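A.B. asks: To convert, note that position 15 of the sequence shown is 38 in my numbering; the numbers rise steadily by one, no gaps. We put the beta carbon where it would ideally sit given N, CA and C, even for glycine. Given the structure is predicted, the values throughout are model-derived calculations rather than measurements.
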Amino acid sequence: MNKTVLEAKQVTKHFTDGKTTVDVLRGLDLKIEQGQFVSIVGASGSGKSTLLHVLGGLDRPSQGEVYLNGQRFDNLGEAERGYLRNQYLGFVYQFHHLLPEFSALENVAMPLMLRKESNFKEVKQQAEYLLDRVGLSHRLTHKPGELSGGERQRVALARAIVTKPAVMLADEPTGNLDRKTAIKIFELLRELRREFNMAMLIVTHDEELAKSADTILHMQDGIWVPD
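(1) Going by other Cβ atoms of all chains shown within 10 Å of its Cβ, with 16 needed for buried, is Ser-160 buried or exposed?
(2) Helix, strand or coil: how does DSSP classify Phe-118 here?
(3) Please say whether Ser-85 and His-37 have beta carbons closer to each other than 8 angstroms?
(4) Would you list, in sequence order, the uninterrupted beta strand (DSSP E) runs of no fewer than 3 residues that lie entirely inside the region 95-158?
(5) Are Tyr-111 and Ala-189 closer than 8 angstroms when you measure CB to CB?
(6) How about Ile-55 and Met-242: are their beta carbons less than 8 angstroms apart?
(7) In whole angstroms, what separates the C-alpha of Leu-74 from that of Met-133?
(8) What does the alpha-carbon distance come out to for the pair Glu-57 and Met-191?
(9) Got a sec, what are the start and stop residues for the alpha helix (DSSP H) Gly-79 sits in?
(10) Flag this pair as touching only if the region 88-107 and the region 116-127 have three or more C-beta atom pairs under 8 angstroms; answer yes or no.
(11) How about the region 135-152 and the region 192-210: do they share at least three Cβ pairs that are nearer than 8 angstroms?
(12) For the alpha helix (DSSP H) containing Arg-177, name the first residue and the last one.
(13) What beta strand (DSSP E) runs, 3 residues minimum, are completely inside the region 25-98?
(14) So, at 6 angstroms on beta carbons, what are the nonlocal neighbours of Gln-176 in its own chain, with the 5 sequence-adjacent residues on each side left out?
(15) Among residues of its own chain, excluding the 5 on either side of Asp-82, which ones have a beta-carbon nearer than 6 angstroms to its beta-carbon?
(16) Mind reading off the beta-carbon distance from Ala-179 to Leu-121? Whole number of angstroms is fine, and I expect it under 8 angstroms.
(17) Quick one: Cα of Leu-107 to Cα of Ala-66, how far?
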């Protein structure tokens, strides 16, 4: 049996606006094992991105518990959660969120450079390897503004994987791309997941792309619904 690397237990999330309370997540359970590929499909407003933020420690649940690599995660302080994110999680978003003043190589190397024990030579080699792996060995010194949308998203993929995370969390990673490029990015995600034996959780509204996952979950109004 594979190790459980990410788990949610009865997670709820609500937001209050004046006298109005909006329930976005309503008692969700989720367990993801090492190497597993899970996709969450749902319309805009279904709660899937909020769930990803809670699972990634970017937001706290209103109730419930989140475990990362076997450790309770949601109740930690910001510094501790930031440390565990850097150790065990990789993030890819619809928009690449690259640092515009840095090169592709520097953007990919950044998560490793945040680790005080990192060796610059090894960091550079790992970043170069991953950029080559995503087909951008000829773009090492280019800044995001000099890259196409598909190239920027491939840099973002390399950055997410450079720390060799236990879990990659991807929020509509192909939503800002044309169909042909989206398919290529999705195939690349699958290849990298196998190569690094990491779990991957993707939220998307694209049913066709989601079908390649090991497990497909459908979300509506903050709960799981049958296919």
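C.D. replies: Taking the coordinates as given:
(1) exposed
(2) coil
(3) yes
(4) 112-116
(5) yes
(6) no
(7) 26 angstroms
(8) For the record, residue 57 in the displayed sequence is Gln; it is not Glu. Straight-line Cα distance between these residues: approximately 11 angstroms.
(9) Element bounds for Gly-79: n/a, residue is neither H nor E.
(10) no
(11) no
(12) 172-184
(13) 27-40, 43-56, 60-64, 86-91
(14) His-119, Ile-208
(15) His-76
(16) 6 angstroms
(17) 30 angstroms
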